[in-house]
Amino acid sequence: MEEIKKETQQPTPTKNKWFAGYIVAGLIWTFSQSFKKNSIDELIILAVAILAGIFYHRLKSKIRIKDNASRSIATFIILSIVSGFLIGASATVVDKFYTKPIDNNAIISGSIRENFVSGLKGSCIRNQMNDPRSASLVSAKVISNYCSCYANGIADQITFNDINLYDTAPASELKKMFQPKIDSISPTCQKILQDK
-15 MEEIKKETQQ PTPTKNKWFA GYIVAGLIWT FSQSFKKNSI DELIILAVAI LAGIFYHRLK
45 SKIRIKDNAS RSIATFIILS IVSGFLIGAS ATVVDKFYTK PIDNNAIISG SIRENFVSGL
105 KGSCIRNQMN DPRSASLVSA KVISNYCSCY ANGIADQITF NDINLYDTAP ASELKKMFQP
165 KIDSISPTCQ KILQDK
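Taking this note's numbering, the leading residue of the sequence shown gets -15, the next gets one more, and so forth.
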């Protein structure tokens, strides 16, 4: 009777159990790093990765697939989806409640500045290339350098409040607001065209 019991009992994995959990935690940690924006996000990702590693073996034993490799893959996929959801939801909550408000009087920065410079430079290049006088007198590289100077010079003076006004203010008010900024950088950028 004892021999039958020994054959039907499944061996309990010890080292392999935790090793697989470490691998799962490490993979989730690695894949989640692209979502990290600040130190709070890193703590959230670490906590979720540790929990995923701990629950890996428990979840794997609940999945009813006979093939061990398929069960491991299914478990990892389920944990990845749950981890992604937890990290995304946590990051959203953190962003909503713990991010500092933007000072509207501060000069634009970050992705807003990058998008502003990119859009303004692209518009400037199109306008200069479509102007027969500019296109025939200077090279495309000089036009690009001029437009880069112009876009970065304006971006160095624009506040977040100016960006908000840009969407709502009439064109005449925008011209009054932006003309002094344009005039202040014109001599520097015009020099690029003259030095061609």
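Even glycine gets a Cβ: it sits at the ideal position worked out from N, Cα and C.
Distance from the Cα of L104 is smallest, within the candidate group T172, D140, D179, for D140. Just measuring C-alpha positions, the residue of I91, K46, I92, I169 sitting nearest C131 is I169.
Each residue's CA atom was taken as its position, placing M113 and I92 some 28 Å apart.
Cβ contact annotation for N145 (same chain, cutoff 7 Å, sequence separation greater than five): N88, N89, in chain order. Contact annotation: the segment 121 to 137 touches the segment 95 to 111, with at least three C-beta pairs closer than 8 Å. The C-beta distance from I138 to K165 rounds to 6 Å, short enough to fall under 8 Å.
By DSSP's assignment, I91 forms a beta bridge with T143.
Where S156 is concerned, the enclosing alpha helix (DSSP H) starts and stops at 155 to 178.
For the options I86, V122, K159, R97, the alpha carbon positioned closest to that of K175 is the one of V122.
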